[in-house]
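In my numbering, the protein residues as written are 1 to 74. C-beta atoms are modelled at their ideal positions from N, C-alpha and C, and glycine is treated no differently. Quantities reported herein were computed from a predicted structural model and do not represent experimental measurements. Step one of this worksheet: look at the structure below.
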Amino acid sequence: MKYYIAVCLPSTSGGWRAFFPDIPDCAVAAPSLDRAVFRAANALADHTVSLNGSAVDILPLPRDLTAIKADKQW
1 MKYYIAVCLP STSGGWRAFF PDIPDCAVAA PSLDRAVFRA ANALADHTVS LNGSAVDILP
61 LPRDLTAIKA DKQW
């Protein structure tokens, strides 16, 4: 089974940002790392539900960490 990888980075203004390189429209901010991870999981679930059953047609397949690191954008 494959999973979407969330990237968590400290924010310059304090707190944390979390986003999914494979799903650019899915990102969150939170005051702590554990809260960012929790919110990221919820945001991904909400994002897929908002696609109203068409997630299989719209979402790209998740990449592994090696593929994300090899992407020049990241």
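Range of the contiguous alpha helix (DSSP H) that encloses A67: Residue 67 sits at position 67 when you count from the first residue of the sequence shown. That run of the alpha helix (DSSP H) goes 65-70.
Buried or exposed: which applies to A67, given that a residue is buried once 16 or more other Cβ atoms fall within 10 Å of its Cβ? Along the sequence shown, read from residue 1 onward, the residue named residue 67 stands at position 67. A67 should be labelled exposed.
Please classify W74: is it buried, with 16 or more other beta-carbons within 10 angstroms of its beta-carbon, or exposed? Here residue 74 refers to the residue found at position 74 of the sequence shown. W74 should be labelled exposed.
Do V49 and A6 have their CB atoms nearer than 8 angstroms? Residue 49 sits at position 49 when you count from the first residue of the sequence shown. Residue 6 sits at position 6 when you count from the first residue of the sequence shown. Their beta carbons are not under 8 angstroms apart, which means V49 does not touch A6 by this criterion.
Coil, strand or helix - D46 by DSSP: Along the sequence shown, one-based indexing puts residue 46 at 46. Note: D46 maps to helix in three-state DSSP.
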